[in-house]
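For reference, the structure is listed below as structure tokens.
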Amino acid sequence: MVKKQINIMMDTLVKRPGQSPELGDLSKMLKSQIKNLNGKVPAGHYVTIKPIEFSLFASAAIEMWERAIHSFLISAATYRISPIWSSVSGYYSSHYCVRGLAHLLGYFQIYKPSFKVQMKVENGKFNCYYLQKKSSDGEHRFYWKTVKKSMEFENNNFFTENIETSSESDVAHRSVANYYDHINIFPQFTPLDKDELISRIERISKLPLDSVPIPKKEDFPDVNKVQLIAYCRIIIFRNYLDEILQNDNQYWKSHRNPSWCREYIDFQKTNSSIGDSISNIIGSIK
Numbered sequence: 350m351v352k353k354q355i356n357i358m359m360d361t362l363v364k365r366p367g368q369s370p371e372l373g374d375l376s377k378m379l380k381s382q383i384k385n386l387n388g389k390v391p392a393g394h395y396v397t398i399k400p401i402e403f404s405l406f407a408s409a410a411i412e413m414w415e416r417a418i419h420s421f422l423i424s425a426a427t428y429r430i431s432p433i434w435s436s437v438s439g440y441y442s443s444h445y446c447v448r449g450l451a452h453l454l455g456y457f458q459i460y461k462p463s464f465k466v467q468m469k470v471e472n473g474k475f476n477c478y479y480l481q482k483k484s485s486d487g488e489h490r491f492y493w494k495t496v497k498k499s500m501e502f503e504n505n506n507f508f509t510e511n512i513e514t515s516s517e518s519d520v521a522h523r524s525v526a527n528y529y530d531h532i533n534i535f536p537q538f539t540p541l542d543k544d545e546l547i548s549r550i551e552r553i554s555k556l557p558l559d560s561v562p563i564p565k566k567e568d569f570p571d572v573n574k575v576q577l578i579a580y581c582r583i584i585i586f587r588n589y590l591d592e593i594l595q596n597d598n599q600y601w602k603s604h605r606n607p608s609w610c611r612e613y614i615d616f617q618k619t620n621s622s623i624g625d626s627i628s629n630i631i632g633s634i635k
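Basically the numbering used here = 1-based index in the sequence shown + 349.
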């Protein structure tokens, strides 16, 4: 059912007329549907949106995935000159990947007014259900929990609920960089050149993957684990859409190998070098 909905979502994207989506289009569209409700919605409230509006979930998901790749490149490029910033940008690479998956699954969170939205295809109609946010529904918590609790990823150990109180979690490791004092890690500032960056990414792709590399707070800055887990999640997103769409969606075909990173990331090479290890750890995706 989920994969069928994603297929329909991606199909609306291919058929989308006119210009590409602009900054904040999905959020603006979802807000506009409830602008007359004064910030409160009745239980079970939903609105039916148009196919062109539904397509925004798909384009937002893919843009998030590309943002994940971009953040990964920044992390790889700064690992030597700033392990602190490399850890933070590596974390955001993972977060953007998780958020992209949540959008693919039909979820979106509105900041103001505070709502979470679940998109469902029902009897050929595109229905958006609005739910009031809880105090625990922070940006990161909501998306990570949503993906982990989905039928598609509940058994995938590369995804967690990302609980900050657990020392072994992406967000706990990142929080050291964000909130702790006296870290005192300031290496000599010598930026990587292009060849060194390519070599670094190639090395990441070949790091041992005997278990899921979730970073631990006490090991900060564990840049290798942060980058490796981000890389794996980027690959899982790509493989997931490939499996669903079966090379039959022109929009995805034009975005699955972004032109701006082809010199640095060879996804086919990456799949062959760590893809088997991923499969051994998580099994086949549903």
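The C-beta atom is built at its ideal place from N, Cα and C for all residues, glycine as well.
Query                                                                                                                                                       : Result
Sorted by chain position, which residues of the same chain lie with C-beta nearer than 6 Å to Lys474's C-beta, five sequence neighbours on each side aside? : Thr397
Taking just the CA atoms, how far does Arg582 sit from Ser560?                                                                                              : 14 Å
Check Ile401 in the structure and name its three-state DSSP category.                                                                                       : helix
Within its chain, find whatever has a CB closer than 8 Å to the CB of Leu546; leave out the 5 residues flanking it on each side and keep chain order.       : Leu422, Ala425, Ala426, Tyr613
Just verifying my parser: in three-state terms, what is the DSSP assignment at Met413?                                                                      : helix
Touch check for the region 500-514 and the region 475-482: three-plus C-beta pairs under 8 Å?                                                               : no
Does the Cβ-Cβ distance between Ala417 and Gly449 come in under 8 Å?                                                                                        : yes
Nearest CA to the CA of Asn356: which residue from Tyr589, Pro540, His604, Tyr428?                                                                          : Tyr589
Quick one: what does DSSP say Glu371 is sitting in, helix, strand or coil?                                                                                  : coil
If you follow the alpha helix (DSSP H) that Tyr589 is in, where does it begin and where does it stop?                                                       : 572-594
With 16 other CB atoms within 10 Å as the buried threshold, where does Ile534 fall?                                                                         : exposed
What would DSSP say about Tyr440, mapped onto helix, strand or coil?                                                                                        : helix
Would DSSP call Asn505 helix, strand or coil?                                                                                                               : coil
In the DSSP output, what is Asn476 paired with across the bridge?                                                                                           : Thr397, Lys469
Could you check if His444 is buried or exposed, using at least 16 other CB atoms within 10 Å of its CB as the buried criterion?                             : buried
Looking at Ala410: is its Cβ nearer than 8 Å to the Cβ of Leu453?                                                                                           : yes
With 16 as the cutoff for other CB atoms within 10 Å, does Met500 come out buried or exposed?                                                               : exposed
Can you tell me the Cα-Cα spacing of Trp414 and Val496, whole angstroms?                                                                                    : 14 Å
Bridge partners for Phe464 per DSSP, in chain order?                                                                                                        : Ile459, Gln481
Would you say Ala649 and Glu513 are within 8 Å of each other, going by their C-beta atoms?                                                                  : Missing from the structure shown is residue 649; the chain here goes from 350 to 635 and no further.
Pick helix, strand or coil for Lys565, following the three-state DSSP scheme.                                                                               : strand
Measuring CB atoms only, is the region 591-611 touching the region 556-575, in the sense that at least three cross pairs come out at less than 8 Å?         : no
Measure the C-alpha to C-alpha separation of Lys352 and Asn596 and round it to an integer number of angstroms.                                              : 14 Å
When we look at the beta-carbon of Pro391 and count the other beta-carbons within 10 Å, is it buried (16 or more) or exposed?                               : exposed
CB-CB under 6 Å to Thr361, same chain, minus the five flanking residues each way: which ones, in chain order?                                               : Pro400, Phe403, Ser404
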